[in-house]
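In what follows, a structure is listed as structure tokens, so that the remarks can point back to it.
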Amino acid sequence: EKFSSNWRKAQREVAKLHQRIGNKRQDFINKVALDLSKKHAMIYREDLRIKNMTASAAGTVEEPGHNVAQKSGLNRAILDQAWGKFFQRLEWKCEQRGGQVIKVAPQYTSRICPICGYESKENRRSQASFKCMACGYRENADVVGARNIKVRGQRMSACGELGEVGRAQVNRRMETVHCAGQQQEPIEVISGVSH
Ligand SMILES: [Zn+2]
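In this text, residue positions in the sequence shown follow this note's numbering: the first is 64, and each later residue adds one.
Given below as structure tokens:
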């Protein structure tokens with residue numbers, strides 16, 4: 064019965080649970096952000112549209128999402144908030160250590176071949192796997208996305224698209240990256256710069 068004493072008791076229990084989950088999540092976020100900031104001076108990340116991620120739980124007409132109500136509720140309440148908090152924490156931790164987090168436009172990062180530069184929807188046959196229709200390169204789709212984000216980020220750094228402040232902070236080793244304009248030609252990937 065709503066607003067009964069039992070109902071209030073249950074509500075308090077649920078609130079406590081949420082608090083505990085929140086604390087654990089924050090703890091996890093802090094650890095991952097600290098770890099990444101220790102290991103890398105430059106971090107490139109996709110400029111995620113968090114609102115779009117929430118919307119994706121509903122799926123499409125052809126492919127409706129499963130457990131949509133739970134997922135969109137969960138996304139709204141937890142995941143969106145957690146991503147935002149995580150990036151905030153990561154940026155803060157990296158700045159403290161003299162590192163930098165650079166946001167990269169996410170367009171096509173999951174369907175461009177990092178080897179030959181061929182871009183096609185067909186390259187991405189499933190959520191998990193990538194196979195280039197031009198050169199046959201196969202890789203886990205997340206790895207491909209990460210490689211493309213890194214190259215795009217390095218190109219942004221090298222071409223000065225970050226503006227004066229951003230450029231001044233960019234590690235000198237980045238200067239060896241060639242600018243390829245708008246083309247998606249692969250450039251030599253410099254391995255992660257460590258402290
Ligand atoms: Zn290819």
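Each residue gets a CB set at the ideal place from its N, CA and C atoms; glycine is no exception.
Residues sharing a beta bridge with residue i, DSSP
| i | result |
| --- | --- |
| V167 | E109 |
| K194 | R201 |
| R187 | F193 |
| I175 | E182 |
Any non-hydrogen atom of ligand 1 within 8 Å of residue i CB
| i | result |
| --- | --- |
| Y200 | yes |
| G208 | no |
| Y181 | yes |
| A197 | yes |
| I178 | yes |
Spatially closest choice to residue i from the options, by CA coordinates
| i | options | result |
| --- | --- | --- |
| I92 | F149, K102, H81, L99 | F149 |
| P177 | G208, Q170, A96, R108 | G208 |
| N203 | F193, N211, Q144, I212 | F193 |
| Q163 | V95, R108, I84 | R108 |
| P169 | E154, R210, E158 | R210 |
| Y181 | C198, N86, A191 | C198 |
| D98 | G147, R160, E64, K65 | R160 |
| Y171 | I212, Q82, K102 | I212 |
| Q217 | S183, K166, M196 | K166 |
| A104 | M196, K156, A191, K79 | K156 |
| L111 | Q82, K94, Q144 | Q144 |
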